[in-house]
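**Student:** Convert by adding 502 to the 1-based position in the sequence shown; the result is the number in the numbering used here.
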Amino acid sequence: PLYVIGLDIANNYVTLGEREDCYFKYAEITDTNFIENWNYETIVLRGKVRYRSEENECILKKEGEKIIVEFLTPQFAITSGQSLVLYKGDTVFGGGVIKQAL
503 PLYVIGLDIA
513 NNYVTLGERE
523 DCYFKYAEIT
533 DTNFIENWNY
543 ETIVLRGKVR
553 YRSEENECIL
563 KKEGEKIIVE
573 FLTPQFAITS
583 GQSLVLYKGD
593 TVFGGGVIKQ
603 AL
């Protein structure tokens, strides 16, 4: 089967790929909300890209004006519009809405 791996709405394009093309290590998030104060220093946390997925080790960092989450293990189908929740131990650290997989 083929999977949708990208959308270019402005140009009306859909990019299709194989299952292995659906794995990404990076996500840009917007509309962030952090329970703990975050001073924009790089920090190692655990993150989830969907409700039923497992938490996976990731790095939260700021690159220019962008907030980037880098997963140490590529994640399947990081999808724009979904929530990405970040955990520090057993506590929710914060999260945001996925703008795009990188």
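All C-beta atoms in this analysis are idealised placements derived from N, C-alpha and C, irrespective of residue type, glycine included.
This one's a predicted model, so the numbers in the text were calculated from it and none came from an experiment.
Could you say which of Asn535, Ala529, Tyr505 and Gly597 lies nearest to isoleucine 580 if we only look at CA atoms?
**Tutor:** On the sequence shown, position 78 is the one that residue 580 refers to. The residue with the shortest Cα to Cα distance from isoleucine 580 is Ala529.
**Student:** Grab me the residues of isoleucine 569's own chain with a C-beta within less than 6 Å of its C-beta, minus the 5 sequence neighbours each way, in chain order.
**Tutor:** For the purposes of this step, residue 569 is identified with residue 67 of the sequence shown, where counting begins at 1. Cβ neighbours of isoleucine 569 beyond the five flanking positions: Ile531 and Thr534.
**Student:** Pull up the distance between the alpha-carbon of arginine 554 and that of glycine 597, whole angstroms please.
**Tutor:** The sequence position of residue 554 within the sequence shown is 52, counting from 1. The sequence position of residue 597 within the sequence shown is 95, counting from 1. Answer to the nearest angstrom: the Cα atoms are 16 Å apart.
**Student:** Under the rule that 16 or more other beta-carbon atoms within 10 Å means buried, what is lysine 537, buried or exposed?
**Tutor:** Along the sequence shown, read from residue 1 onward, the residue named residue 537 stands at position 35. Position check: residue 537 holds isoleucine in this sequence, whereas lysine was assumed. Result: exposed.
**Student:** Given this structure, state the Cα-to-Cα distance separating glutamine 602 from serine 582, to the nearest angstrom.
**Tutor:** On the sequence shown, position 100 is the one that residue 602 refers to. On the sequence shown, position 80 is the one that residue 582 refers to. About 5 Å.
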